[in-house]
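Take a look at the structure:
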């Protein structure tokens with residue numbers, strides 16, 4: 001099949017990006033950011049709290065981790081629920097044991113369905129980030145604008161009604177957005193999104209929204225579920241990442257250094273299993289002992305960064 | 001190539017045993033070249049009926065921003081590690097990057113890297129192109145890289161590895177020296193072209209970081225071990241036979257420059273750099289030494 005002549009024409013070929021969401025910049029050449037108490041690596045623990053209806057809707061697409069077998073998929077429905085019933089409680093205990101605070105990206109349905117869990121999350125001082133309504137509520141540009149707006153409104157109002165919290169941050173399911181999402185998020189008063197994985201520090205969109213980077217490559221979903229490494233292998237990668245970032249923060253041939261971020265994205269039904277949780281506990285013990293580490297929720301990292309801009 | 005034939009007729013069969021002697025400079029036995037892919041992926045490319053650009057409707061936020069990490073964060077990590085261990089890059093370049101982020105290209109120029117074309121964008125595929133369109137992307141590549149770097153490009157790695165039956169003939173006609181698109185050998189080989197000559201330099205899919213991480217799912221440490229084993233074997237063979245071998249390390253900053261991988265990668269590169277049998281070379285000079293020996 002031949003191609004139209006436009007296929008070798010490039011209307012957006014220009015200096016800067018081929019879109020207008022945000023400006024290009026080299027992270028290593030920016031004004032260095034300073035984290036509190038002279039710490040150089042902000043470690044951001046972010047747990048996804050997800051509820052997968054046993055009736056996937058696939059509109060506009062099926063979320064990662066969703067049902068797999070023909071209906072009724074007891075296997076995946078219950079394995080995912082294991083995370084919310086059991087695995088996440090192990091994580092809460094692990095965080096408490098090391099006195100660290102995290103972010104919980106929460107489906108509104110989880111807040112409504114499991115009030116004891118949300119109460120425990122808030123009692124320990126963790127942050128709640130909005131994470132859509134449930135795992136059927138995915139976004140792409142195929143979703144009509146009014147439906148997307150309603151989805152975001154619904155997510156925030158239901159989450160707030162169930163938890164009493166008005167979140168500042170938003171994580172889309174599978175980090176998937178439409179052309180409109182950035183504007184709809186600011187329209188709803190949200191301060192930051194965690195969807196774009198192109199940077200390792202917060203940066204500002206032209207519409208005022210900030211992206212707080214939650215690296216997909218460092219997630220337990222990618223490393224353990226997709227690449228099939230052990231929990232210990234995953235923890236080793238987190239230590240390797242921390243070591244590199246702590247060294248880079250001091251400055252070298254390509255950067256003046258400054259604060260860095262290590263986002264650790266956790267999934268209760270993956271890392272909260274009995275044979276894996278120990279690797280997370282050991283990692284937390286190791287990281288809290290590192291003098292360079294500032295372990296903080298996303299909102300605190302965002303606030304610290306924002307006041308230095 | 002012979003279009004439509006079951007054997008495309010790209011090259012003659014040439015057994016690995018008893019190859020002619022080939023001496024790399026200073027008696028080295030394995031030429032190691034590092035090929036960073038400096039790419040630009042468009043957020044909203046036009047559709048090509050033969051291949052979809054993005055898995056999701058545009059904008060595919062993760063797909064796009066995952067690769068943009070190279071141009072904001074990880075390029076400098078990767079480039080610095082290479083420079084620190086004395087490896088120049090031979091860059092597989094989406095030439096559109098010269099327009100979008102000239103700072104990234106300029107960093108490679110400053111480090112003494114060689115550039116070859118990887119198409120205009122990694123989201124514009126050659127499948128279905130007319131001869132006129134294919135000539136246009138070749139001429140665009142030559143002019144754009146000349147303007148941005150002062151270099152006349154000598155090599156080609158097809159954009160997103162998409163070819164047409166005429167690509168290799170056109171490269172020879174435009175006086176290119178090498179293609180990186182054929183994976184049939186661990187040494188430089190001649191490619192059969194309609195007129196002139198063209199060499200195939202071993203690039204590698206198997207030790208490409210994309211395969212290591214996104215096909216085989218390796219950890220950074222496993223990938224580093226795999227590079228060392230690949231190098232040790234090729235250096236041993238080149239030393240034993242006197243017929244110099246070639247190892248390519250094809251990289252993407254958004255993969256190798258992730259914070260959990262770059263440290264182990266640096267250790268592997270340091271290991272290879274310290275081996276006296278290693279010739280740290282650019283693609284063009286490897287092909288030149290080989291060609292002169294033919």
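Chains as they are written, first to last, in the numbering used here: chain A, 1 to 309; chain B, 1 to 294.
Beta carbons are placed, not taken as given, at the ideal position from N, Cα and C, and that holds for glycine.
{"query": "Only counting the same chain, and skipping five residues up and downstream in sequence, which positions put a Cβ closer than 8 Å to that of residue 82 of chain B?", "result": "34, 36, 88, 89, 111, 269"}
{"query": "Let me make sure I understand the geometry here. Which of A:148, A:228, A:139 has the alpha-carbon closest to that of residue 216 of chain B?", "result": "A:228"}
{"query": "When you check each C-beta in the stretch 221 to 242 of chain B against every C-beta of chain A, which residues fall closer than 8 Å?", "result": "221"}
{"query": "Can you find a C-beta in chain A that's less than 8 Å from the C-beta of residue 82 of chain B?", "result": "no"}
{"query": "Which bits of chain B does residue 84 of chain A rub up against, with CB to CB less than 8 Å?", "result": "Chain B residues near residue 84 of chain A: none, gap ~24 Å exceeds 8 Å."}
{"query": "Whole alpha helix (DSSP H) runs in the stretch 58 to 125 of chain B with 4 or more residues, listed along the chain?", "result": "61 to 69, 75 to 84, 97 to 100, 102 to 110"}
{"query": "Of all Cβ atoms in chain B, is any one closer than 8 Å to the Cβ of residue 146 of chain A?", "result": "no"}
{"query": "With contact counted as at least three CB pairs below 8 Å, one residue from each stretch, are the stretch 215 to 232 of chain A and the stretch 253 to 265 of chain A in contact?", "result": "yes"}
{"query": "Taking residue 271 of chain B as part of the alpha helix (DSSP H), name the residues at either end of that continuous run.", "result": "262 to 273"}
{"query": "Which residues in chain B have a C-beta closer than 7 Å to the C-beta of residue 8 of chain A? List them in chain order.", "result": "133, 136, 137"}
{"query": "Give the residues of chain A in contact with residue 96 of chain B, contact being defined as C-beta atoms less than 9 Å apart.", "result": "10, 13, 18"}
{"query": "Are the beta-carbon atoms belonging to residue 252 of chain B and residue 94 of chain B less than 8 Å from one another?", "result": "no"}
{"query": "Are residue 254 of chain B and residue 32 of chain B closer than 8 Å when you measure CB to CB?", "result": "no"}
{"query": "Is the CB of residue 65 of chain A under 8 Å away from at least one CB in chain B?", "result": "no"}
{"query": "Comparing C-alpha positions only, which one of A:66, A:217, A:152 sits nearest to residue 81 of chain A?", "result": "A:66"}
{"query": "So, are the CB atoms of residue 261 of chain A and residue 42 of chain A less than 8 Å apart?", "result": "yes"}
{"query": "Could you tell me whether the Cβ atoms of residue 11 of chain B and residue 163 of chain B are closer together than 8 Å?", "result": "no"}
{"query": "Going straight from the alpha carbon of residue 155 of chain A to that of residue 159 of chain B, what length do you get?", "result": "41 Å"}
{"query": "Identify whether residue 38 of chain A lies in helix, strand or coil by the three-state DSSP scheme.", "result": "helix"}
{"query": "Can you find the residues in the same chain that come closer than 8 Å, C-beta to C-beta, to residue 201 of chain A, ignoring five residues on each side of it along the sequence?", "result": "27, 30, 33, 213, 259, 260, 261, 305"}
{"query": "On the three-state DSSP scale, how would you describe residue 226 of chain B?", "result": "helix"}
{"query": "For the alpha helix (DSSP H) containing residue 271 of chain A, name the first residue and the last one.", "result": "268 to 271"}
{"query": "Which residue comes first and which comes last in the beta strand (DSSP E) that contains residue 104 of chain A?", "result": "103 to 106"}
{"query": "Please confirm if residue 289 of chain A has its CB atom under 8 Å from at least one CB of chain B.", "result": "no"}
{"query": "What are the residues in the stretch 116 to 127 of chain B lying within 8 Å of chain A by C-beta distance?", "result": "120, 121, 124"}
{"query": "Give the straight-line distance between the Cα atoms of residue 215 of chain A and residue 197 of chain A, rounded to the nearest whole angstrom.", "result": "6 Å"}
{"query": "Flag this pair as yes or no: are the beta carbons of residue 197 of chain B and residue 172 of chain B separated by less than 8 Å?", "result": "yes"}
{"query": "Between the stretch 180 to 206 of chain A and chain B, which residues of the former have a C-beta closer than 7 Å to a C-beta of the latter?", "result": "195, 196, 197, 198, 199, 200"}
{"query": "Residue 179 of chain B: which of B:286, B:16, B:43, B:14 sits nearest, CA to CA?", "result": "B:286"}
{"query": "Which residues mark the beginning and the end of the alpha helix (DSSP H) in which residue 237 of chain A is found?", "result": "231 to 248"}
{"query": "Would DSSP call residue 174 of chain A helix, strand or coil?", "result": "helix"}
{"query": "Would you please state the rounded distance, in angstroms, between the beta carbons of residue 131 of chain A and residue 107 of chain A? I believe it to be under 8 Å.", "result": "5 Å"}
{"query": "Does DSSP put residue 332 of chain A in a helix, in a strand, or in coil?", "result": "Residue 332 of chain A is absent from the structure shown; chain A starts at 1 and stops at 309."}
{"query": "Figure out for me which residue from B:272, B:139, B:227, B:292 has the closest Cα to the Cα of residue 86 of chain B.", "result": "B:272"}
{"query": "One question on the structure: do residue 53 of chain B and residue 123 of chain B come within less than 8 Å of each other, judged by their Cβ atoms?", "result": "yes"}
{"query": "Any contact between the stretch 69 to 85 of chain A and the stretch 54 to 61 of chain A? By contact I mean 3 or more CB pairs, one from each, below 8 Å.", "result": "yes"}
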